[in-house]
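Notes to accompany the following structure.
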Amino acid sequence: MNIAIPYSIKRKLCVKRTHKRKIELYKEKVNQIMAFGKADHKGIQFKSVADLTSAFYKN
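And the structure:
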């Protein structure tokens, strides 16, 4: 017997997964700044975590 998962639950899981990926990408960029002194995000190089944060969450 198959039980269908409601769309609302699927959507919540998808949004949660997307948010988790975005946070992981942000952490990776912050680690690049800490290790190398710069990180590239959408073709722009950032040297400070504050500038990266404002640009990353602006969209």
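The opening position of the sequence shown corresponds to residue 692 in the working numbering, with each subsequent residue numbered one higher. Quick reminder that beta carbons are idealized off the backbone N, C-alpha and C, glycines included.
Compare the beta carbon distance of residue i and residue j with 7 Å and say whether it is the shorter of the two.
{"i": "Lys729", "j": "Lys718", "result": "no"}
If I'm right that residue i touches residue j with Cβ under 8 Å, what's the distance once you round it to whole angstroms?
{"i": "Val740", "j": "Ile714", "result": "Contact doesn't hold; Cβ gap of about 14 Å is too wide."}
By alpha-carbon positions, which one of the options ends up nearest to residue i?
{"i": "Gln736", "options": "Lys749, Tyr748 and Lys720", "result": "Lys720"}
{"i": "Lys733", "options": "Ser699, Pro697 and Lys749", "result": "Lys749"}
Reducing DSSP to helix, strand and coil, say where residue i ends up.
{"i": "Ile694", "result": "coil"}
For residue i, is the classification buried or exposed, using 16 other Cβ atoms within 10 angstroms of its Cβ as the cut-off for buried?
{"i": "Asp716", "result": "The sequence as given places Leu at residue 716; Asp does not occur at that position. It is exposed - the Cβ of Leu716 has fewer than 16 other Cβ atoms within 10 Å."}
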